[in-house]
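In the numbering used here, the protein residues as written are 220 to 430.
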């Protein structure tokens with residue numbers, strides 16, 4: 220099965236390819252604001268669905284699609300499905316998205332220091348005629364950080380474009396005491412959960428083809 224990743228994240232694309240998936244990139248480019256009183260799990264699931272729906276519409280509407288192929292070839296089919304994902308860090312019930320500047324990134328890191336937090340990723344897989352997905356949760360434990368470490372991490376700039384202002388696969392790996400759950404989820408794409416959703420999609424497509 221060929222995947223169209225509704226994300227510009229190089230980390231998600233790298234995870235997919237390392238796991239043996241063929242994928243193309245088609246960035247959704249949607250607003251990711253939180254709705255009033257929206258719960259964290261509902262938020263990431265909704266945004267993931269919005270991303271996959273936006274890219275599916277692009278695929279159907281454009282005369283030329285990603286990789287320069289015709290839109291008729293690029294449309295969602297049983298062999299080519301759209302995958303949307305959205306990740307958020309959650310602490311004290313608050314959603315920490317991508318920081319807008321170094322001050323916000325450092326404030327996020329201060330909240331995470333010496334504590335546990337959750338990383339939630341919403342998944343959405345969109346195939347012809349239906350959509351399926353889930354929310355994956357991982358618990359991450361940070362050790363207590365020093366003031367020098369806050370300044371060092373801020374100056375390095377790795378916080379940019381990262382939910383919660385850190386990358387577990389990068390500099391912040393030295394902050395992590397342990398995790399409970401999927402490591403790839405914290406990077407941005409829970410691969411085992413995605414495989415479960417894809418297996419369900421394949422079953423449903425198989426049933427539809429013989430109906």
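Cβ atoms here follow ideal geometry from the backbone N, Cα and C, with glycine treated the same way. No experiment lies behind these values; they were computed from the predicted model shown.
For the stretch 239 to 263, there is no continuous alpha helix (DSSP H) assignment of 4+ residues that stays within its boundaries. For residue 331, there is no enclosing beta strand (DSSP E); the enclosing alpha helix (DSSP H) covers residues 321 to 331. Boundaries of the alpha helix (DSSP H) around residue 234: 229 to 237. Close CB contacts of residue 259 within its chain, under the 8 Å cut and outside five residues either way in sequence, are with 307, 309, 312, 314, 337, 339 (chain order). In the three-state scheme derived from DSSP, where H, G and I count as helix and E and B as strand, residue 397 is classed as strand. Linking residue 357 to residue 406 through their CA atoms gives a straight-line distance of about 11 Å.
Below 8 Å, enough C-beta pairs join the stretch 344 to 359 and the stretch 387 to 398 to call them touching: three or more. In this chain, the alpha helix (DSSP H) harbouring residue 368 covers 366 to 375. Looking at the DSSP output, residue 307 bridges to 339. CA-CA distance, residue 319 to residue 427, rounds to 45 Å. For residue 314, the pairing in a beta bridge is given by DSSP as 309. Residue 332 and residue 382 have their alpha carbons spaced roughly 15 Å apart. Taking all protein chains in view, the Cβ of residue 255 is surrounded by fewer than 16 other Cβ atoms within 10 Å, so the residue is classified as exposed. Relative to residue 234, the option among 419, 262, 422, 401 whose CA is nearest is 401.
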